[in-house]
Amino acid sequence: MSRLEAKKPSLCKSEPLTTERVRTTLSVLKRIVTSCYGPSGRLKQLHNGFGGYVCTTSQSSALLSHLLVTHPILKILTTSIQNHVSSFSDCGLFTAILCCNLIENVQRLGLTPTTVIRLNKHLLSLCISYLKSETCGCRIPVDFSSTQILLCLVRSILTSKPACMLTRKETEHVSALILRAFLLTIPENAEGHIILGKSLIVPLKGQRVIDSTVLPGILIEMSEVQLMRLLPIKKSTALKVALFCTTLSGDTSDTGEGTVVVSYGVSLENAVLDQLLNLGRQLISDHVDLVLCQKVIHPSLKQFLNMHRIIAIDRIGVTLMEPLTKMTGTQPIGSLGSICPNSYGSVKDVCTAKFGSKHFFHLIPNEATICSLLLCNRNDTAWDELKLTCQTALHVLQLTLKEPWALLGGGCTETHLAAYIRHKTHNDPESILKDDECTQTELQLIAEAFCSALESVVGSLEHDGGEILTDMKYGHLWSVQADSPCVANWPDLLSQCGCGLYNSQEELNWSFLRSTRRPFVPQSCLPHEAVGSASNLTLDCLTAKLSGLQVAVETANLILDLSYVIEDKN
Amino acid sequence: MLSSMAAAGSVKAALQVAEVLEAIVSCCVGPEGRQVLCTKPTGEVLLSRNGGRLLEALHLQHPIARMIVDCVSSHLKKTGDGAKTFIIFLCHLLRGLHAITDREKDPLMCENIQTHGRHWKNCSQWKFISQALLTFQTQILDGIMDQYLSRHFLSIFSSAKERTLCRNSLELLLEAYFCGRVGRNNHKFISQLMCDYFFKCMTCKSGIGVFELVDDHFVELNVGVTGLPVSDSRIIAGLVLQKDFSVYCPADGDMRMVIVTETIQPLFSTSGSEFILNSEAQFQTSQFWIMEKTKAIMKHLHSQNVKLLISSVKQPDLVIYYAGVNGISVVECLSSEEVSLIRRIIGLSPFVPPQAFSQCEIPNTALVKFCKPLILRSKRYVHLGLISTCAFIPHSIVLCGPVQGLIEQHEDALHGALKMLRQLFKDLDLNYVTQTSNQNGTSSLFIYKNSGESYQAPDTGNGSIQRPYQDTVVENKDALEKTQTYLKVHSNLVIPDVELETYIPYSTPTLTPTDTFQTVETLTCLSLERNRLTDYYEPLLKNNSTAYSTRGNRIEISYENLQVTNITRKGSMLPVSCKLPNMGTSQSYLSSSMPAGCVLPVGGNFEILLHYYLLNYAKKSHQSEETMVSMIIANALLGIPKVLYKSKTGKYSFPHTYIRAVHALQTNQPLVSSQTGLESVTGKYQLLTSVLQCLTKILTIDVVITVKRHPQKVHNQDSEDEL
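For the protein sequence lines, the chains are P and D, in the order given. Those letters in the first sequence? Residues 1 to 570, by this note's numbering. Those letters in the second sequence? Residues 571 to 1293, by this note's numbering.
Pasting the structure below:
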């Protein structure tokens, strides 16, 4: 059908950032994301007025996917953060807050967009090259020979998601499980190119978190009745597996574009069933012990196979096909006819298992990189949050495997970086400006805006009215509780910095984060023995944070560069 | 009276419309331009600085506005550049025309125009003006380009004969292009990416065909990845298909591939046929036969070393299974564009499963360097190392960006750049009319500029031919020496009964580059050449006594292989071949061509030059409408550099730049541009003609009649428009 109506003219607005509406919506979004940030972040309950599911979360991915944003500028911002999260899983809130802060701070200055964008870009590349350099004082190497730093990394992710509702003990338990699940996906004898396996998360809602566990292999959920019908196999050697991707239900397959005329009395069903039973006979003669089918198996064939002590499981679904292929080493069979002998795979053993109220058929691999993470939590929303968190943690571990560095967390990286940029722009502005037309004053202004944007990101870690300080040696972050007396005896009030690397017993000078300080060189010597001994560091993923930083600045630049918004009203 | 009012109104209305559009586009024109955010009706957001896109996104309702937008899009479709300049230029032209009728005193208009203006006002015939514009465009503009402007052209090629591209010049050209098309923090990166892509894909012998291929299949040649910073964009050797393998079997060594466009598995019945099943056994045997046949075909493919099967349709499970068993990777459901791209690259026709099974070699296979999965941001793609049989070396661009809208913008800009280059690499034909006074035979027909000594072409007076030189050896050791040559051809055109054929073939000049150096501005196409020109000038005279021959005088001059690249940005030479038939009249039709790859420095150089020469032309011209049109166009041209220099102050502001340029032209000094970067002359020329055509269209409209719409009518009209 062609349209009958002419298109409506679009709405064209100039200088969109200056309008009050955009400012308010931006600040609303900023308030939402800042209040979620960090371990003490506030939770958001998202629900649709038309009913349905209520989501309690403080994670950017869940939050932004549920929010309905209408203004095009906000849409750019949220989609850019969502895209970042879907590729790196972590640091979504950081990116969102930094981006909002940058836009807000820069707008106050009233410089031309050209200058702002150019200088922001310079500052960004300064940050990136510092974080990637050997001299960087806020990153530590990740040692895969011990679990300590990896555990710290996972724990930091878990604690920063308060909506998972985990106790301290549960956090420890889940972190250990996640790390185990990750380690199980690494092939044992890998030379050169490593292909990681997969951790499948199996839901088990309504159970205690402590009941969560990790099992090697794949769990296929089944009803108890089905499971009872399966006969136990007693076999000392590995079991032979046939995995079918085609349907075994006996439908007549695609017959082409022409017509097929079936004479009276000819039963195609019988013909196909004959074929299926022939297939069953071949499977028996090939000594197959286990038949798995992605789609449906015809009941007669199932019965026939069971009679010959072959376990037949159907309706596996497409999601499990790839892990099953990988684990058993089969070639998914798409033929009802002759089966090539090397299409069969094997598993070490099978058993039945019961977790909570659910029954599972457990395939135990010979040596495999596939494992199942049975994840329990008390209710649906907490479970969803925990599942997202686990996926994030597993992804972060994978990213860390590629780039074995971790950044100091708890806000220390941000304050350290801000201190570094302040120092650089004050002492060496020529190297940043180089051939540009910008003046040093402009650079100072933008650098200040940039640094305070970074610092207010960590400022939003504090939600309970406490104060945030920074030391003048390492540039780390220290927080004081709200009700503490305002005295100058800082070492007694402060115990540890945000990441947990330094304690207050050192001779340090502190100053409030909001106050102005003279620029100083943040110390970069890391006490390696301290890194080794500290069991409770807060760490962030380097790859995700680097990308988050880049995306935040790029998106802010993009939004600041807008001169018109043309809204299509059709 | 009524009609004239309505006509006058139409220019006014068009001006109002154009001014609104100008206000929007002028914010994103040039290096200082900013981004515009467009939303699609689906809710997606798109970032753009592409004038064409913006104009289309506005969904304008005003009929004149719609006409303008149509003109812009048809221009863009051809050239890929200049939509914003189009609007600005059109707006200034309309302003100029409007000023004449309103007797507004434009400071840039001279007295002459105003007296003429009255005359025009009295006539008030817009149609007449539009005809004058058309005449200007078809008969005068090319001449000015050829005779005056061409001496300022630079070339993108470092060697004209082989058309070797100079990387530095291309970089400058692309940088200037992307300056106006993508966000200012990305333009350097994107232009570098494009430049790399260009040099990676093209072999030295690549011709225009490669541009066509890349242009046609640009969508298939790039992959957008959201969620990564723009700086992660890169070029990947080989072709990346936005699909995953249905089966992937790692393989190496001698690998072959086949393309299929139908299912390999034989079916019961094909379209239009009937398959009659008489018994169950028959059904089973047929099934068995199908299975065996499929198995045999796949085995056969395997025996021929086929490791990759590319299919445009979904293959049945059976085929996939046997492919996996035989170690053949399968990629299914490719779009017809992807298949045609692969076929164009490797020159392979689809494989048809043989009816009668034979052990013979399959003809339609091609060697593949590699085929492997490529993971970009946890999404899997197929990565093929095709061995190209054409001049195009397959490479894919991975475009990254935080949002899809930005990736689309970059893709759009890259595609536009390709279109622009495609136009640039073509020769442009120029045809024009030169007015000659046929009384004394001393009027100069055209001026040809050469880097060498000044010499004069034969003065053909009253049938007698003088030959001032026969062999000239020009040696030019110093390129900095700004010598100019004016080759003036004087001809007397009243020679009815003499047929003259004059050939001036230049022997291939021996160009021996002595040394090469680069200027500070990295304009490197400036190789210093010692040109040894040996000219054989052999006029061939045929005296045909049979009289009244239609051809009076024909002079053919062909310069080849002369590529003068000069540090002063002057003196590019153009191959000029002129034919001067029909000498009996006072007009001579000249045709010439602008060689491929002509560029000028950015920053309104083209506009200022053309403005200058048009004014000069107008002063010489005796016809009032010609003068008028030239003046209006000349003044309107300045509108573009005015916008470009809007944010500049002091020495770099527009008045300063303009005065400097005019002074330089008057004193024959080289023009100095404050900006680096080059732009295509072809693109500018085409823009100019498109705008003039659009203006002609607008002027010919007398009354705009609003019709009360009936939905059905709208539907019909729309479908006609689409056709």
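Where a beta carbon is used, it is the ideal one built from N, C-alpha and C, also for glycine. Fair warning: this is a prediction, and the values are worked out from it, not measured in the lab.
Report the option in P:T516, P:P404, P:S452, P:W490 whose CA atom is closest to the CA atom of N509 (chain P).
-> Numbered from its first residue, the first sequence carries residue 509 (chain P) at position 509. Of the residues P:T516, P:P404, P:S452, P:W490, the one whose Cα lies closest to the Cα of N509 (chain P) is P:W490.
State the Cα-Cα distance for the pair P113 (chain P) and T19 (chain P), rounded to the nearest angstrom.
-> Stepping through the first sequence from its first residue, residue 113 (chain P) is reached at position 113. Stepping through the first sequence from its first residue, residue 19 (chain P) is reached at position 19. The straight-line gap from Cα to Cα measures roughly 16 angstroms.
Who are G955 (chain D)'s beta bridge partners in DSSP?
-> By 1-based counting over the second sequence, the position of residue 955 (chain D) is 385. Looking at the DSSP assignment, G955 (chain D) forms a beta bridge with D:F940.
Close-in-space but distant-in-sequence residues of the same chain around R1294 (chain D) (CB under 7 angstroms, 5 per side omitted) | Here chain D comprises residues numbered 571 to 1293, so residue 1294 (chain D) is not present and cannot be evaluated.
Measure from the C-beta of S725 (chain D) to each C-beta in chain P and report whether the shortest distance is under 8 angstroms.
-> Locating residue 725 (chain D) in the second sequence gives position 155, counting from the first residue. Judged by the 8 angstroms Cβ criterion, S725 (chain D) is not in contact with chain P.
Is the stretch 158-174 of chain P touching the stretch 56-67 of chain P in the sense that three or more CB pairs, one from each, lie closer than 8 angstroms?
-> yes
Residues of chain A with CB under 8 angstroms from N848 (chain D), in chain order?
-> In the structure shown, chain A does not exist; the protein chains are P and D.
Uninterrupted alpha helix (DSSP H) stretches inside the stretch 1183-1246 of chain D (no shorter than 4 residues) | Runs of the alpha helix (DSSP H) inside the stretch 1183-1246 of chain D: 1194-1207, 1209-1214, 1224-1236.
Confirm, please, whether the CB-CB distance from K989 (chain D) to D785 (chain D) is below 8 angstroms.
-> Taking the first residue of the second sequence as 1, we reach residue 785 (chain D) at position 215. Taking the first residue of the second sequence as 1, we reach residue 989 (chain D) at position 419. Yes. Within cutoff.
With burial defined as no fewer than 16 other Cβ atoms inside 10 Å of the residue's Cβ, what is the status of D471 (chain P): buried or exposed?
-> Here residue 471 (chain P) corresponds to residue number 471 of the first sequence, with the count starting at 1. Classification for D471 (chain P): buried.
Three-way DSSP call (helix, strand, coil) for G526 (chain D) in this model | Since the first residue of chain D shown is 571 and the last is 1293, residue 526 (chain D) is not available in this structure.
Coil, strand or helix - T369 (chain P) by DSSP | Residue mapping note: residue 369 (chain P) aligns to position 369 of the first sequence, counting from 1. If DSSP states are grouped into helix, strand and coil, T369 (chain P) belongs with coil.
Selected residue, minimal CA-CA separation from E507 (chain P), among P:T425, P:L494, P:R518 | In the first sequence, residue 507 (chain P) corresponds to position 507, counting from 1. Out of P:T425, P:L494, P:R518, P:L494 has the C-alpha closest to the C-alpha of E507 (chain P).
What does V350 (chain P) pair with, by DSSP beta-bridge criteria?
-> Here the question's residue 350 (chain P) lines up with position 350 in the first sequence. V350 (chain P) pairs with P:L363.
Give the interface partners of V752 (chain D) over in chain P, defined as CB-CB distance under 7 angstroms, in chain order.
-> What you label residue 752 (chain D) is simply residue 182 of the second sequence in a count that begins at 1. Residues of chain P whose Cβ lies closer than 7 angstroms to the Cβ of V752 (chain D) do not exist; the shortest such Cβ separation is about 10 angstroms.
Kindly give me the distance between the Cβ atoms of A242 (chain P) and V291 (chain P), rounded to whole angstroms, as I take these residues to be in contact under 8 angstroms.
-> Counting from 1 along the first sequence, the entry for residue 242 (chain P) is found at position 242. Counting from 1 along the first sequence, the entry for residue 291 (chain P) is found at position 291. Between V291 (chain P) and A242 (chain P) the Cβ distance is about 5 angstroms, and since that is below 8 angstroms, they are a contact.
Cβ of K75 (chain P) within 8 angstroms of any chain D Cβ = One-based indexing of the first sequence puts residue 75 (chain P) at position 75. True, the Cβ-Cβ gap to chain D drops below 8 angstroms.
Kindly list, in the order they appear in chain D, the residues whose Cβ is closer than 7 angstroms to that of K545 (chain P).
-> One-based indexing of the first sequence puts residue 545 (chain P) at position 545. Within chain D, no residue comes near K545 (chain P); the closest Cβ sits about 13 angstroms away, beyond 7 angstroms.
Leaving out five residues before and five after R42 (chain P) in sequence, what residues of the same chain have Cβ atoms less than 6 angstroms from its Cβ?
-> By 1-based counting over the first sequence, the position of residue 42 (chain P) is 42. Hits under 6 angstroms: S35.
To which residues of the same chain is H668 (chain D) closer than 6 angstroms at the C-beta, ignoring the five residues directly before and after it?
-> If you number the second sequence from 1, residue 668 (chain D) lands on position 98. Excluding sequence neighbours, H668 (chain D) sits near V581, L585.
Local Cβ density within 10 Å of A851 (chain D), reported as buried at 16 or more and exposed below that = One-based indexing of the second sequence puts residue 851 (chain D) at position 281. Classified as exposed, A851 (chain D) has fewer than 16 neighbouring CB atoms from the shown chains inside 10 Å of its CB.
Test: A271 (chain P) CB closer than 8 angstroms to a CB of chain D | By 1-based counting over the first sequence, the position of residue 271 (chain P) is 271. Yes, contact with chain D.
Starting from T255 (chain P), find everything on chain D with Cβ-Cβ shorter than 7 angstroms and list it in chain order.
-> For the purposes of this step, residue 255 (chain P) is identified with residue 255 of the first sequence, where counting begins at 1. The answer, in chain order, is L837, F838, S839.
Separation of Y718 (chain D) from V1059 (chain D), as counted between CA atoms = Stepping through the second sequence from its first residue, residue 1059 (chain D) is reached at position 489. Stepping through the second sequence from its first residue, residue 718 (chain D) is reached at position 148. Note that V1059 (chain D) scores a pLDDT of 33, beneath 50, so its modelled location is shaky; the value from the coordinates is reported in the next line. Distance between the alpha carbons of V1059 (chain D) and Y718 (chain D): 15 angstroms.
Own chain, CB closer than 6 angstroms to F940 (chain D), minus 5 neighbours either side, in chain order = Locating residue 940 (chain D) in the second sequence gives position 370, where the first residue counts as 1. Closer than 6 angstroms at Cβ, skipping near neighbours: G955.
Is the CB-CB distance between P323 (chain P) and H416 (chain P) below 8 angstroms?
-> Position 323 of the first sequence, counted from the start, is the residue given in the question as residue 323 (chain P). Position 416 of the first sequence, counted from the start, is the residue given in the question as residue 416 (chain P). Their beta carbons are not under 8 angstroms apart, which means P323 (chain P) does not touch H416 (chain P) by this criterion.
DSSP three-state call for R1100 (chain D): helix, strand or coil?
-> Reading the second sequence from its first residue, position 530 is the one you call residue 1100 (chain D). Interpretation of R1100 (chain D) is limited by its pLDDT of 31, a score under 50 that renders its predicted location unreliable; no figure is taken from the coordinates.
List the residues that DSSP assigns as beta-bridge partners of H965 (chain D).
-> Translated into positions along the second sequence, residue 965 (chain D) becomes position 395. DSSP, once it has assigned bridges, lists D:A807 as partnering H965 (chain D).
Residues of its chain near L273 (chain P), where Cβ-Cβ distance is below 7 angstroms and the 5 sequence neighbours each way are ignored | Locating residue 273 (chain P) in the first sequence gives position 273, where the first residue counts as 1. If we look at L273 (chain P) and ignore the five residues flanking it on each side, its Cβ neighbours are G250, H298, S300.
Nearest to T1246 (chain D) (by Cα), restricted to the options D:L742, D:D640, D:K1254 = Locating residue 1246 (chain D) in the second sequence gives position 676, where the first residue counts as 1. Considering only alpha carbons, the answer is D:L742.
Please report how far the alpha carbon of L558 (chain P) lies from the alpha carbon of N427 (chain P), in whole angstroms.
-> Residue numbering aside, residue 558 (chain P) sits at position 558 when the first sequence is read from its first letter. Residue numbering aside, residue 427 (chain P) sits at position 427 when the first sequence is read from its first letter. Cα atoms of L558 (chain P) and N427 (chain P): separation of roughly 29 angstroms, rounded to the nearest angstrom.
So, are the CB atoms of A588 (chain D) and I638 (chain D) less than 8 angstroms apart?
-> Looking up residue 588 (chain D) in the second sequence gives position 18. Looking up residue 638 (chain D) in the second sequence gives position 68. Yes. Within cutoff.
What is the rounded straight-line gap between the Cα of V553 (chain P) and the Cα of L98 (chain P)?
-> For the purposes of this step, residue 553 (chain P) is taken as residue 553 along the first sequence, with counting starting at 1. For the purposes of this step, residue 98 (chain P) is taken as residue 98 along the first sequence, with counting starting at 1. Approximately 8 angstroms, taken between the alpha carbons.
Which chain D residues are close to D274 (chain P), counting only those with a beta carbon under 9 angstroms from its beta carbon?
-> Locating residue 274 (chain P) in the first sequence gives position 274, counting from the first residue. Going along chain D in sequence order, the residues near D274 (chain P) (Cβ under 9 angstroms) are E850, Q854.
Hey, which unbroken runs of the alpha helix (DSSP H) at 4 residues or more fall wholly within the stretch 297-346 of chain P?
-> 299-307, 318-328
Any Cβ of chain P within less than 8 angstroms of the Cβ of M715 (chain D)?
-> Walking along the second sequence from the start, residue 715 (chain D) turns up at place 145. Chain P contact via Cβ: absent.
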